[in-house]
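For reference, the structure discussed in these notes is given below.
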Amino acid sequence: MKLKVCEIVINSNLINKTKIETILEAKTKAIQNYAYILHDKDIYQNDKEAQLNGKKVGDIKDPHYHIYLRFNNSYDTKHISQWFNTQENFVSKIKGRFSDALMYMIHANRSDKYQYDEKEVISNFDWKSEAQQDIFNRKYKMDARLKEIIDKIESGEWKRYDLINKINGYENNIYYSAIKKAFERRIDFLEEMKREMECVFITGMSGSGKSTLAKKIAENKGYKA
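Residues in the sequence shown are numbered from 664 upward in steps of one, following our numbering.
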């Protein structure tokens, strides 16, 4: 499997800081960015994982390095594992975004785990600024999109039946509660309004344009048909 970014996890009895630095120096043409940290205070948090390693919940895990690499080009995991003299299954594709993986080095996105000091991270780039900027950009983009959806609903521009074409499944899942409340507020607003109802009766033979005329009348009055 070829990867442009990857994570390598190696126990500290198999590699040390000097060896890591030597490998990184030898592969400077291939590696664009790197960041790594020694995790020596992690504990087992679930029975299954602990039992598989002959331990119990609360026991400290064997010290191990988390090494994150970003390459100039894609490289095969087989070759990457050979660089670090480890098995290929210890070289893995990063799940999610690179910024999330970077924050995981110090467990910034896992409050249930031991919080490592950012000074323990060794890297050749400003990993923290990159990670925080990416997270901020994503949050800002999501917040802006949510505001757009709510505004469209509360203004009456979007009806429930419009959502199938206006938002995707992911947005529906993460914004479900906010969307539901927006429609509830729209209903409350309409119920409190004093509306003067006008009924227009349109008759005619089939195909004479009754629906077209009705829609046109509604649109001229600022309604959506």
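In this text, a Cβ means the ideal position worked out from N, Cα and C, and glycines have one as well.
Can you tell me the Cβ-Cβ gap for residue i and residue j, rounded? I've got them flagged as a contact below 8 Å.
i      : j      : result
Tyr707 : Lys719 : 7 Å
Lys873 : Ile865 : 5 Å
Relative to the alpha-carbon of residue i, which residue among the options has its alpha-carbon at the smallest distance?
i      : options                        : result
Ile686 : Asn716, Gly717, Leu732         : Leu732
Ile850 : Ala713, Asn752, Phe734, Ile816 : Ile816
Lys741 : Lys782, Lys665, Lys791, Asp789 : Lys665
Lys791 : Ala771, Phe864, Arg801, Glu688 : Ala771
Ser818 : Glu847, Gly759, Lys682         : Glu847
Met860 : Ala881, Ala845, Asp780         : Ala881
Lys802 : Tyr838, Gly870, Leu826, Glu855 : Tyr838
Gln745 : Ile813, Leu826, Asn828, Ile683 : Ile683
Phe844 : Asp797, Glu854, Ile813         : The residue you asked about is not Phe; residue 844 is Lys in the sequence shown. Ranking Asp797, Glu854, Ile813 by Cα distance to Lys844 puts Ile813 first.
Ile673 : Glu751, Arg760, Lys758, Asn709 : Glu751
Ile671 : Ala764, Trp821, Thr866, Val863 : Ala764
Asp705 : Gln714, Gly721, Glu854         : Gly721
Cys862 : Lys884, Glu855, Met856         : Lys884
Taking the Cβ atom as the reference point for each residue, do residue i and residue j lie within a distance shorter than 9 Å?
i      : j      : result
Ala794 : Ser762 : yes
Ile842 : Asn831 : no
Asn800 : Asn696 : no
Ser737 : Lys690 : no
Ile743 : Val754 : yes
Thr749 : Leu826 : no
Asp789 : Arg760 : no
Ile785 : Lys711 : no
Count the other CB atoms, across all protein chains shown, that sit within 10 Å of the CB of residue i; report buried if there are 16 or more and exposed otherwise.
i      : result
Ile694 : buried
Cys669 : buried
Ile723 : exposed
Tyr833 : exposed
Met868 : exposed
Tyr779 : buried
Tyr767 : buried
Phe652 : With the chain running from 664 to 888 in the structure shown, residue 652 is simply not present.
Phe852 : exposed
Report task. May I ask you to verify whether the segment 727-743 touches the segment 694-703, counting CB pairs closer than 8 Å and requiring at least 3? Result -> A contact exists between the segment 727-743 and the segment 694-703.
Requested in this report: Flag this pair as touching only if the segment 803-813 and the segment 761-776 have three or more C-beta atom pairs under 8 Å; answer yes or no.
Outcome: Three or more beta-carbon pairs separated by less than 8 Å are not found between the segment 803-813 and the segment 761-776, which leaves the two stretches without contact.
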